[in-house]
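*Asks:*
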Amino acid sequence: MMIETKVHAKNFVDWARDKPRVVVLSADLTGSTEIAEFQQAYPDRFFSMGVAEQNMVSFAAGLAREGYIPFIHTFAVFIYRQTLSQIVNSVAYSALPVKFFGFLPGITTPGGATHQAIEDVSIMRSIPNMTVLEVGDATEIRTVLDVVYSLPGPVYVRMLRGEVPRLFSPTEPFILNRARVLSDGCDVTLFTSGICTEEALRASSVLAARGIGIRHLHISTHKPFNDPLVDDALKACSGPVITMENHTIIGGLGSEIAERMADLGIGRKLFRIGLMDTFAHGGSKAYLMRKYGLDALSLVRTMESALSVKLDIHEQDLAEVHIQDVHSLAKAEAL
Amino acid sequence: MDGSFNVMDSDTLTQRWEEKVLAAAFGIRKRVLEHTVKHNGGYLSQACSSSIILATLYLKLMNLGPSAGNPIPPKFESVPRPGSPKNYSGGVYNGLPAPDKDRFFLSPAHYALVLYAALIEAGRLAPEALDDFNKDGGTVEMIGAEHSPGFEMMGGALAQTLSQAAGIAMARKRRGDSGYHWVFLSDGEFQEGQTWEAIQTMSHYKIDNLTALVDVNCQQCDGKMCDVMNVDPLEHRIEAFGGVVAVVDGHDPVAIVKAANTSHMGKPLFVLCKTDPAFSMPILEGRRPKLHYVRFVSQAERDIFAEFLSSYSLQKMSEEKPL
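Okay, structure coming up:
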């Protein structure tokens, strides 16, 4: 697996070159949201808004009403927690094309509870007119921009920065409301999103070696949530379903799958891995993933519980695993 | 004016502009009073405090295109949806957007009835439109929404309209539009932090194609602002945040126009209109300090207001209290 750095910073400048309507608003986190290069390249299209998020969101709505497509960049918590009324009343009701790029999803920051966006998917997807997306690797960071740009209304993107893995081929871009099928099997159906996909992949070859057949789907669109690939995966098998998300288990991916199963009348046992209705605290990503049960070992333990088996898999087994580039089953040459 | 109808046509040639404004403002107050009596409730004190400000805006200050709205507002069809051609803006009553035309944004959306009455007096809405006020299935809503006549955004949560108007003013300035931006604010909105964020932003970006007229009636839902949460000295606070301020008698159209012409290069202008929430309606005096919403608790009380309405006239007012 390849690790890439500052993918958004490098890509966004090129991507935005021929899109003069795209402007960026930043609330004093320009370097921290990988948008400094954009500011340097297109100072005319960059608005420094200071630490004043509520005004920033309404101001962006005003720009959008006059034909601009504002890309708001700040930490996710400062979007949905600080400006929910502005998101709803200034932007979402009027279906304006304001695009929210929320960084530091879940426990990806040592900044502690004030900086960790643990309920953003839950809140943002309950707002009418809002589309909610989440990226899981470098390919998705690059290609989510075309999806965001093509949608006429407001979009919230759970964004990654810094060092990110490339899990998916650059030739397989982010597609709205389409899951990536990463493995096929029928003992367990597994849905993962964001950084949890990489984490689950750490366990998958070991689990496969133990004879566990996993139908693993990577989810990058939280809303809308009616992807036929998801429906097919839910209908195809009858064993337990596991969801794994870097988010509270209330209102995020786990809830989306639960709702979808209920809509389809599918009764399968559901195991939700995520923050168990708790805040986290400041610490490294690896420490927090272990402490709050968001890591590969936690997935293994959940598998054991779901299947009532003992797998005898330990941390050292997982640490040795090197993740290869993942290819979708949709492609002939894929694994 | 759209020319199709105009309740003031008969007087247009003979009146001076300030007389026309005062007559329109009287019409606004009378329509709101009528409505309040008829429907046992309304935002009546807001009509008292703001009628002359709104009449001055519509009849003297703003350069708007003719109304593109139906004199009888449409029924509610749908809320906006992404990419839907059905999305409808009540802003069409202030004319279609054009580079050289002004834009108007009323922020405190509970002033809706007052704005509808102002649109009627400005010949942009039929008097019968008020029959639809707060009726199921209509767009003439109690708290003005984006589809309500005269509105083009959702101001009901307060303090968000100024920021949005600033964004619009900034976008149009970049585009080279000559049209100006007028925002109507209530003084209570200065208790909201976002208002101050908007002022600091307009100051930072030198957004000077925008003027806010503020209804300083010192009243809010719970009572007098100075008791609920004081914002004085408002003038100095706004200046400190980077705005230019003019303070005027909000019942004097000549003073309002003069204040609106205050030079404010590189800064937004705030015209603080000092107003009386019982202006021209002594019958409201006994209700102080609770003037936010007028509702009658008995038929007898309603009858007193009905009687006051029957004798409410501009002539009588000017005899009793010359401006």
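Sequences listed follow chains P and X, in order. First residue of the first sequence: -1, per this note's numbering; consecutive thereafter. First residue of the second sequence: 29, per this note's numbering; consecutive thereafter. The beta carbon of each residue, even a glycine, is placed where N, CA and C say it ideally should be. Note that the structure is predicted; figures quoted are calculated from it, not measured.
For M29/X, does the three-state DSSP call read helix, strand or coil?
*Replies:* The residue labelled residue 29/X in the question sits at position 1 within the second sequence. Here M29/X scores only 36 on pLDDT, less than 50, and its place in the model should not be relied on; the value that follows carries that caveat. In the structure shown, M29/X sits in coil (DSSP, three-state: anything other than H, G, I, E or B).
*Asks:* Of all the residues that make up the stretch 93 to 114 of chain X, which are near chain P by a beta-carbon distance shorter than 9 Å?
*Replies:* V107, P108, R109, P110, G111 and S112
*Asks:* Taking Cβ positions only, does A14/P come closer than 8 Å to chain X?
*Replies:* As a working note, residue 14/P is residue 16 in the first sequence. So no, A14/P is outside the interface.
*Asks:* Is M0/P buried or exposed, if buried means 16 or more other CB atoms sit within 10 Å of its CB?
*Replies:* As a position in the first sequence, residue 0/P is number 2, starting the count at 1. Under a 10 Å Cβ-count criterion, M0/P is classified as exposed, with fewer than 16 other Cβ atoms of the shown protein chains found around its own Cβ.
*Asks:* Could you please tell me which residues of the stretch 195 to 213 of chain X, in chain order, have their CB closer than 8 Å to any CB of chain P?
*Replies:* G195, I196, A197, M198, A199, R200 and R203
*Asks:* R164/P lies in the beta strand (DSSP E); which residues open and close that run?
*Replies:* By one-based count along the first sequence, residue 164/P stands at place 166. Here the beta strand (DSSP E) through R164/P covers E161 to R164.
*Asks:* Quick check on the burial criterion: 16 or more other C-beta atoms within 10 angstroms. Buried or exposed for C76/X?
*Replies:* The residue labelled residue 76/X in the question sits at position 48 within the second sequence. C76/X comes out buried.
*Asks:* Using only the alpha-carbon positions, how far apart do L186/X and P136/X sit?
*Replies:* The residue labelled residue 186/X in the question sits at position 158 within the second sequence. The residue labelled residue 136/X in the question sits at position 108 within the second sequence. Looking at the two C-alpha atoms, the distance is approximately 6 Å.
*Asks:* Look at the alpha carbon of A53/X and the alpha carbon of S95/X, and state the distance between them as a whole number of angstroms.
*Replies:* Against the second sequence, residue 53/X aligns to sequence position 25. Against the second sequence, residue 95/X aligns to sequence position 67. Computed Cα separation, rounded: 19 Å.
*Asks:* Taking CB distances under 8 Å as the criterion, tell me whether A140/X reaches chain P.
*Replies:* As a first step, residue 140/X must be located in the second sequence, where it is residue number 112. A140/X does not count as touching chain P.
*Asks:* How long is the line joining the alpha carbons of M170/X and V142/X, rounded to whole angstroms?
*Replies:* Residue mapping note: residue 170/X aligns to position 142 of the second sequence, counting from 1. Residue mapping note: residue 142/X aligns to position 114 of the second sequence, counting from 1. Distance between the alpha carbons of M170/X and V142/X: 10 Å.
*Asks:* Using only the alpha-carbon positions, how far apart do D225/P and R176/P sit?
*Replies:* Looking up residue 225/P in the first sequence gives position 227. Looking up residue 176/P in the first sequence gives position 178. Each residue's alpha carbon lies about 6 Å from the other.
*Asks:* Quick check: the Cα distance between L316/P and P103/P, rounded to an integer number of angstroms?
*Replies:* Along the first sequence, one-based indexing puts residue 316/P at 318. Along the first sequence, one-based indexing puts residue 103/P at 105. In this structure, the alpha-carbon of L316/P lies about 24 Å from that of P103/P.
*Asks:* Starting from M242/P, follow the beta strand (DSSP E) in both directions and report where the run begins and ends.
*Replies:* In the first sequence, the residue the question calls residue 242/P occupies position 244. Per DSSP, M242/P belongs to the beta strand (DSSP E) from V239 to T246.
*Asks:* Tell me the residue span of the beta strand (DSSP E) that contains Y208/X.
*Replies:* As a working mapping, residue 208/X is identified with position 180 in the second sequence. Segment: none, Y208/X is in no beta strand (DSSP E) and carries neither H nor E.
*Asks:* Out of curiosity, what's the CA-to-CA distance linking T239/X and V299/X?
*Replies:* The residue given as residue 239/X occupies position 211 in the second sequence. The residue given as residue 299/X occupies position 271 in the second sequence. If I take the Cα positions, the gap works out to 7 Å.
*Asks:* Are the C-beta of Q84/P and some C-beta of chain X separated by less than 8 Å?
*Replies:* For the purposes of this step, residue 84/P is identified with residue 86 of the first sequence, where counting begins at 1. Taking CB atoms only, Q84/P has a neighbour in chain X less than 8 Å away.
*Asks:* By DSSP, does S326/P sit in helix, in strand, or in coil?
*Replies:* Translated into positions along the first sequence, residue 326/P becomes position 328. Note on S326/P: pLDDT 43, under 50, position unreliable in the model; no value is reported.
*Asks:* On the DSSP letters alone, give me the boundaries of the alpha helix (DSSP H) that T229/X sits inside.
*Replies:* Within the second sequence, the letter at position 201 stands for residue 229/X. G221 to H232 is the span of the alpha helix (DSSP H), which, as asked, contains T229/X.
*Asks:* Output the residue ranges of the beta strand (DSSP E) runs that lie fully inside the stretch 101 to 143 of chain X and measure 3 residues or longer, sorted by chain position.
*Replies:* 131 to 134
*Asks:* Nearest to M47/P by alpha carbon, out of T129/P, T28/P and R288/P?
*Replies:* Here residue 47/P refers to the residue found at position 49 of the first sequence. Answer by Cα proximity: T28/P.
*Asks:* Which first and last residues belong to the alpha helix (DSSP H) in which P281/X is found?
*Replies:* Numbered from its first residue, the second sequence carries residue 281/X at position 253. Unbroken alpha helix (DSSP H) run through P281/X: P281 to A288.
*Asks:* Using a Cβ-Cβ cut-off of 8 Å, state whether R63/P counts as contacting chain X.
*Replies:* One-based indexing of the first sequence puts residue 63/P at position 65. Answer yes: the Cβ-Cβ gap between R63/P and chain X drops below 8 Å somewhere.
*Asks:* Let's see if you can read the secondary structure: which residues bound the alpha helix (DSSP H) around Q257/X?
*Replies:* On the second sequence, position 229 is the one that residue 257/X refers to. Note on residue identity: the sequence assigns Met, not Gln, to residue 257/X. Careful: M257/X lies outside any alpha helix (DSSP H) and carries neither H nor E.
*Asks:* Note down the Cα distance separating R15/P from K97/P, rounded to an integer number of angstroms.
*Replies:* In the first sequence, counting from the first residue as 1, residue 15/P sits at position 17. In the first sequence, counting from the first residue as 1, residue 97/P sits at position 99. Approximately 17 Å, taken between the alpha carbons.
*Asks:* Quick one: what's got a C-beta closer than 8 Å to L262/P's C-beta in the same chain, skipping five residues either side?
*Replies:* The count along the first sequence starts at 1 and reaches residue 262/P at position 264. If you ignore the 5 residues before and after L262/P, its C-beta comes within less than 8 Å of the C-beta of D229, L232 and K233, all in its own chain and listed in chain order.
*Asks:* Hey, how far is the Cα of V282/X from the Cα of E46/X?
*Replies:* To locate residue 282/X, count along the second sequence from 1; it is residue 254. To locate residue 46/X, count along the second sequence from 1; it is residue 18. One C-alpha to the other measures close to 7 Å.
*Asks:* Just to confirm before moving on: does the CB-CB distance between M352/P and I210/P stay below 8 Å?
*Replies:* Any property of residue 352/P remains undetermined from this structure, which presents chain P solely from -1 to 333.
*Asks:* Are the stretch 312 to 323 of chain X and the stretch 283 to 298 of chain X in contact at 8 Å, needing three or more beta carbon pairs?
*Replies:* Segment contact: the stretch 312 to 323 of chain X against the stretch 283 to 298 of chain X, fewer than three CB-CB distances shorter than 8 Å; contact not assigned.
*Asks:* For D37/X and V120/X, what's the separation of their Cα atoms in angstroms?
*Replies:* Mapped onto the second sequence, residue 37/X falls at position 9. Mapped onto the second sequence, residue 120/X falls at position 92. Confidence at D37/X is low in this model, with a pLDDT of 49, below 50, so the placement of that residue should be treated as unreliable; the coordinate-derived value is given next. Between the alpha carbons of D37/X and V120/X lies a gap of roughly 22 Å.
*Asks:* From which residue to which residue does the beta strand (DSSP E) around P68/P run?
*Replies:* The residue you call residue 68/P lines up with position 70 of the first sequence. Segment I67 to F73, the beta strand (DSSP E) holding P68/P.
*Asks:* Which runs of the alpha helix (DSSP H) spanning at least 4 residues fall entirely within the stretch 272 to 317 of chain P, listed in chain order?
*Replies:* 283 to 289, 294 to 305 and 313 to 317
*Asks:* Would you verify that the beta carbon of K329/P is, or is not, closer than 8 Å to some beta carbon of chain X?
*Replies:* In the first sequence, residue 329/P corresponds to position 331, counting from 1. In this prediction, K329/P has a pLDDT of 34, which is less than 50 and means its spatial position is unreliable; nothing more can be read from the coordinates.
*Asks:* Closer than 8 Å, CB to CB, is M182/X near chain P or not?
*Replies:* Indexing the second sequence from 1 puts residue 182/X at position 154. Yes, M182/X lies at the interface with chain P (some Cβ there is under 8 Å from its Cβ).
*Asks:* Is A332/P close to chain X? Criterion is C-beta to C-beta, closer than 8 Å.
*Replies:* Taking the first residue of the first sequence as position 1, residue 332/P is located at position 334. Confidence at A332/P is low in this model, with a pLDDT of 30, below 50, so the placement of that residue should be treated as unreliable; the coordinate-derived value is given next. Not an interface residue.
*Asks:* What residues match up with T270/P in a beta bridge as DSSP calls it?
*Replies:* On the first sequence, residue 270/P is found 272 positions in, with the first residue counted as 1. Checking the sequence, you will find Arg at residue 270/P rather than Thr. For R270/P, which the question treats as bridged, DSSP gives the partners T241/P.
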